[in-house]
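Novice: Can you keep this structure in mind? I'll have questions shortly.
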Amino acid sequence: MFNLLRYPIFLSLLGSFFISSGMVLQHIFPYSPSIGWITGFICFLSASYFATKNKKN
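Be aware that the sequence shown starts at 10, since it is given in my numbering, and climbs by one per residue.
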């Protein structure tokens with residue numbers, strides 16, 4: 010049970026990192042904001058999945 014508590018926190022921080030990195034690198038790589046937002050969204054979706062899975066247990 011305690012292992013599932015770490016996943017939403019880690020994935021939320023990782024999603025924020027991807028979004029921030031994509032916005033910082035927008036002048037270097039042309040598609041980095043899109044890639045950052047998409048990977049951040051995937052991280053936030055999986056974080057919410059693990060959070061709801063933790064509530065059910």
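For every residue, glycine included, the Cβ atom is placed at its ideal position computed from N, Cα and C.
For residue 21, which residues of its own chain have a beta-carbon under 8 angstroms away from its beta-carbon, when the five flanking residues on both sides are left out?
Specialist: 52, 53 and 56, listed in sequence order.
Novice: Cα-Cα, which of 59, 45 and 64 is closest to residue 24?
Specialist: Considering only alpha carbons, the answer is 45.
Novice: When burial is assigned at 16 or more other CB atoms within 10 Å of the CB, is residue 39 buried or exposed?
Specialist: Per the 10 Å Cβ criterion, exposed.
Novice: Out of 16, 19, 17 and 30, state which residue places its alpha-carbon closest to the alpha-carbon of residue 47.
Specialist: Nearest of 16, 19, 17 and 30 to residue 47, Cα basis: 30.
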